[in-house]
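One structure below.
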Amino acid sequence: MRKVAIIGAGNSKFGNRSDVNIMELAFEAVKPALEDAEATAKDVEFMALGSTGAGAWYAELLPAIVTAEHCGLTGAGLVRCEAACASGSAAFFTAYSAIATGQADIAMALGVEKMREIDTPTTMEWIGRAGSYLWEFHNFGLTFPAYYALYATAHMARFGTTEEDLALVAVKNHKYGSMNPLAHLQNRITVEDVLSSMVIAYPLKLFDCCPITDGAAALVLASEEKVKELKVDTPVWVAGIGYASGTANLSRRQHYVGLEASVLASKRAFKSSKIKPDDVDVAEVHDCFTIAEIMAYEDVGFCKKGEGAKLIREGQTEIGGKIPINLDGGLKAKGHPIGATGCSMIYELTKQLREEVERNRQAPMKNYVALAHNVGGTGHYCYVTVLKR
Amino acid sequence: MTYMPSLRSREIKIAPQTPISKISPFWEGLKEGKVLATKCRKCGKLYFPPTPDCPECLSSEMEWVQLSCEAEIETFTHVVVRPASFQHHKPYTVAIGKLKEGVKVLAWLTGFKLSEIKVGMKVKLAAKTTPEGELTYEFVPP
Chain A
25 MRKVAIIGAG NSKFGNRSDV NIMELAFEAV KPALEDAEAT AKDVEFMALG STGAGAWYAE
85 LLPAIVTAEH CGLTGAGLVR CEAACASGSA AFFTAYSAIA TGQADIAMAL GVEKMREIDT
145 PTTMEWIGRA GSYLWEFHNF GLTFPAYYAL YATAHMARFG TTEEDLALVA VKNHKYGSMN
205 PLAHLQNRIT VEDVLSSMVI AYPLKLFDCC PITDGAAALV LASEEKVKEL KVDTPVWVAG
265 IGYASGTANL SRRQHYVGLE ASVLASKRAF KSSKIKPDDV DVAEVHDCFT IAEIMAYEDV
325 GFCKKGEGAK LIREGQTEIG GKIPINLDGG LKAKGHPIGA TGCSMIYELT KQLREEVERN
385 RQAPMKNYVA LAHNVGGTGH YCYVTVLKR
Chain R
10 MTYMPSLRSR EIKIAPQTPI SKISPFWEGL KEGKVLATKC RKCGKLYFPP TPDCPECLSS
70 EMEWVQLSCE AEIETFTHVV VRPASFQHHK PYTVAIGKLK EGVKVLAWLT GFKLSEIKVG
130 MKVKLAAKTT PEGELTYEFV PP
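Heads up: the sequence lines are chains A and R, in that order. Under the working numbering, the first sequence is numbered contiguously, ending at residue 413. Under the working numbering, the second sequence is numbered contiguously, ending at residue 151.
Structure below.
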């Protein structure tokens with residue numbers, strides 16, 4: 025297997041992007057990524073696209089094809105990857121593999137999602153079907169907040185995690201979101217704001233949930249030979265990728281206090297990268313709901329099972345703490361354009377490792393190691409990507 | 010929000026017909042007030058939701074067994090913001106209960122106030138025909 029580096033990264037403005045269609049939104053990530061890499065679209069031999077809403081919440085059925093045409097990538101090998109909310113990481117893994125195996129020297133991972141072209145109840149309907157339609161949606165109308173609410177209830181009952189603890193995650197991520205010009209939500213909030221917001225699916229309230237967001241992110245990847253040839257200043261190396269999956273039916277899970285797919289994917293990522301949780305300087309974890317971030321702390325291994333709430337209470341996941349997490353605002357404040365999120369996490373970590381983010385949200389670097397934890401569905405898929413400068 | 014011009018796409022109606030021929034005894038059972046699971050004749054593993062193919066040993070030799078319906082709540086939520094096709098329902102409570110036999114079931118939980126529901130609480134699983142004539146199952150007070 026060959027070494028692979030990220031040599032270019034681009035991220036569109038996240039938010040309600042009713043000013044652009046799926047192709048134009050992709051362009052806002054692809055162009056800066058190529059410019060950052062000092063490459064052209066013609067240099068890209070293979071492009072993997074992460075997007076989940078094709079034909080459902082936006083009209084185009086073949087997003088890899090239409091975005092490639094729009095961005096001058098036609099002719100490259102193309103594929104669309106689906107791993108629900110981890111589709112962006114799956115696309116990254118696919119592009120990485122193309123280079124690691126020697127199939128390509130320059131490849132791109134692009135994540136793009138337009139989620140706001142349909143009404144909110146229909147969005148709730150589509151995403152609620154993401155799991156087991158037949159056994160968990162058809163008769164029972166589960167929504168995505170409700171799936172994670174099942175985990176929140178169990179975590180609270182087992183470990184004494186409180187609604188205030190969950191709120192602290194939202195407060196932290198809005199704080200960093202307010203410093204990130206790309207974030208969808210840039211308002212700072214208080215614990216009281218979260219607790220008094222409307223109940224979406226008990227015990228989760230509006231401010232426990234990520235917004236419905238449009239956005240795109242793109243990464244240009246290259247082989248070690250190409251990095252040398254192009255004299256790339258600060259390549260960010262892919263140190264290892266771990267992946268795993270969980271059952272479709274939540275009723276077939278062993279417990280509801282963590283995601284087994286996260287545990288397994290993290291173990292595999294640490295093993296393949298020969299890196300330990302303590303070595304990580306900065307991380308992105310999948311905080312589609314506040315409870316998801318607390319479980320991620322535990323499942324990735326930043327603390328023991330049941331101690332996630334303690335980590336947020338002590339401020340250990342802020343800058344200056346043990347492990348700064350979601351310094352871009354996370355899914356919670358930056359937004360969660362489903363298929364784009366994985367690539368956007370890696371965009372943020374690339375910038376963090378290159379020490380190029382806004383100064384007030386730059387993590388201090390010791391080992392120059394970063395980790396992205398991206399969950400698809402309710403622990404249905406998980407990808408963990410470890411990067412090293 | 011500034012007005013942004015857009016083009017309304019042509020409408021399509023989607024309602025796939027999901028085949029249930031291999032698991033039709035489940036729905037027959039609901040009609041008779043029973044909740045059925047499948048058990049692998051080869052490896053002995055019990056499945057809910059029922060499946061005609063055993064993921065453990067890949068055998069398709071399954072038998073139908075009736076569940077005891079005695080359950081304990083492992084977790085629950087109360088769904089206030091509902092999907093498009095559930096707009097006509099009032100907010101509903103969904104729970105996952107572990108049955109005496111070891112399998113778990115996800116279903117609506119009715120007959121309790123939200124404040125009364127606790128993890129670890131004993132409930133009963135019951136087959137049900139809705140007023141609209143749809144076959145389903147739910148957790149109810151024991």
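Glycine is no exception: its CB is placed at the ideal position from the N, C-alpha and C atoms. Computed from a predicted model, the values in this text were never measured in an experiment.
Bounding residues of the alpha helix (DSSP H) (the contiguous stretch that carries residue i)
i: A/Lys196; result: Glu187 to Gly201
i: A/Glu48; result: Ile46 to Ala61
i: A/Tyr120; result: Ser111 to Ala124
i: A/Gln376; result: Thr365 to Leu377
i: R/Phe35; result: Ser33 to Lys40
i: A/Trp159; result: Neither: A/Trp159 is in no alpha helix (DSSP H) and is coded neither H nor E.
i: A/Arg11; result: Nothing about residue 11 of chain A can be read from this structure; chain A reaches only from 25 to 413.
i: A/Thr258; result: No alpha helix (DSSP H) holds A/Thr258; DSSP gives it neither H nor E.
i: A/Thr321; result: Contrary to the premise, residue 321 of chain A reads as Tyr rather than Thr in this sequence. Residues Thr314 to Val324.
i: A/Met148; result: Thr144 to Gly152
i: A/Ala83; result: Unbroken run through A/Ala83: none, as it is neither H nor E.
i: A/Glu216; result: Val215 to Leu219
i: A/Ser36; result: Looking at the DSSP string, A/Ser36 is not in any alpha helix (DSSP H), and its letter there is neither H nor E.
i: A/Ile89; result: Pro87 to His94
i: A/Ile336; result: Gly332 to Arg337
Same chain, Cβ closer than 8 Å to residue i, neighbours up to 5 away in sequence not counted
i: R/Glu65; result: Cys49, Cys52 and Lys54
i: A/Ala83; result: Glu141
i: A/Asp302; result: none
Residues that residue i contacts on chain A, provided the C-beta gap is smaller than 8 Å
i: R/Pro34; result: Ordered by position in chain A, no residue passes the 8 Å Cβ test against R/Pro34, which lies about 15 Å from the chain.
Interface partners of residue i on chain R, CB under 8 Å
i: A/Ala170; result: Thr86, Val88 and Val103
i: A/Tyr160; result: Reading off the sequence shown, one finds Glu at residue 160 of chain A, where the question assumed Tyr. Here the neighbours are Leu115.
i: A/Ser275; result: Phe57, Pro58, Ile105, Val112, Lys113, Val114 and Leu115
i: A/Tyr280; result: Glu83, Thr84 and Ile105
Neighbourhood of residue i by C-beta, 7 Å cutoff - its chain only, sequence neighbours within 5 removed
i: A/Thr402; result: Gly155, Tyr171, Tyr172 and Leu274
i: R/Ala152; result: Past the boundaries of the shown model lies residue 152 of chain R; chain R is included only from 10 to 151, so the question cannot be answered.
i: A/Lys346; result: Gln340
i: A/Val304; result: Ile347, Val393, Ala394 and Leu395
i: A/Thr365; result: Cys109, Gly112, Gly135, Leu355 and Asn398
i: A/Ala124; result: Met25, Arg26 and Val28
i: A/Thr271; result: Arg277
i: A/Lys199; result: Arg212
i: R/Phe85; result: Thr102, Val103, Ala104, Leu118 and Ile126
i: A/Asn391; result: Asp303 and Asp305
i: A/Gly126; result: Arg26
Chain R contact residues for residue i, given Cβ-Cβ distances below 9 Å
i: A/Thr186; result: Within chain R, no residue comes near A/Thr186; the closest Cβ sits about 15 Å away, beyond 9 Å.
i: A/Leu166; result: Thr86, Val88, Pro92, Val103 and Leu115
i: A/Leu419; result: Missing from the structure shown is residue 419 of chain A; chain A here goes from 25 to 413 and no further.
Contacts that residue i makes with chain R (C-beta to C-beta distance below 7 Å)
i: A/Asn163; result: Thr145
i: A/Thr146; result: Ala93
i: A/Ala178; result: Glu83, Thr84 and Val128
i: A/Thr223; result: The sequence given here has Val at residue 223 of chain A, not Thr. By Cβ distance, chain R contributes Val89.
i: A/Gly152; result: Pro92
i: A/Glu149; result: Pro92, Ala93 and Ser94
i: A/Ala181; result: Val128
i: A/Tyr120; result: By Cβ distance, chain R contributes nothing, its closest Cβ being about 30 Å from A/Tyr120, past 7 Å.
i: A/Tyr405; result: Residues of chain R passing the Cβ test: none, with the nearest at roughly 18 Å.
Contact set for residue i: own chain, Cβ-Cβ below 6 Å, skip 5 residues either direction
i: R/Tyr101; result: Val88 and Trp117
i: A/Gly96; result: Ala65
i: A/Tyr321; result: Cys327, Gly332 and Leu335
i: A/Val103; result: Ala72
i: A/Ser269; result: Ala285 and Tyr405
i: A/Cys312; result: Cys234, Leu355 and His360
i: A/Leu85; result: Ala78 and Gly79
Rounded Cβ spacing between residue i and residue j (contact assumed at less than 8 Å)
i: R/Phe148; j: R/Val128; result: Going by Cβ atoms, the distance from R/Phe148 to R/Val128 rounds to 13 Å, so no, they are not a contact pair.
i: A/Gly353; j: A/Asn204; result: 5 Å
i: A/Ser290; j: A/Val324; result: 5 Å
Endpoints, beta strand (DSSP E) assigned at residue i
i: A/Leu411; result: Tyr405 to Lys412
i: R/His87; result: Glu79 to Val88
i: R/Glu72; result: Met71 to Gln75
i: R/Val114; result: Lys113 to Leu118
i: R/Phe148; result: Leu144 to Val149
Interface residues of chain A facing residue i [CB-CB closer than 9 Å]
i: R/Leu123; result: Tyr226
Just by C-beta distance, which residues in the region 85 to 102 of chain R are closer than 8 Å to chain A? Residues Phe85, Thr86, His87, Val88, Val89, Val90, Arg91, Pro92, Ala93, Ser94, Phe95, Gln96, His98 and Tyr101.
Taking any Cβ of chain R, which residues in the region 77 to 98 of chain A have a Cβ under 8 Å from it, in chain order? Per Cβ criterion, the list reads Ala83.
With 8 Å as the C-beta to C-beta threshold (strictly closer), list the residues of the region 10 to 39 of chain R near chain A in chain order. If you check each beta-carbon in the region 10 to 39 of chain R against every beta-carbon of chain A, the ones closer than 8 Å belong to Met10, Met13, Ser15, Ser18 and Thr27.
Counting only Cβ-Cβ distances shorter than 7 Å, please list the residues of the region 344 to 362 of chain A near chain R, keeping chain order. Residues passing the 7 Å Cβ filter: none.
Return the residues of the region 49 to 81 of chain R that lie within a Cβ-Cβ distance of less than 8 Å from chain A, sorted by chain order. Flagged, chain order: Phe57 and Pro58.
Residues, ordered as in the chain, of the region 193 to 225 of chain A that lie near chain R by beta-carbon distance below 7 Å: From the region 193 to 225 of chain A, only Val223, Ile224 and Ala225 have a Cβ closer than 7 Å to chain R.
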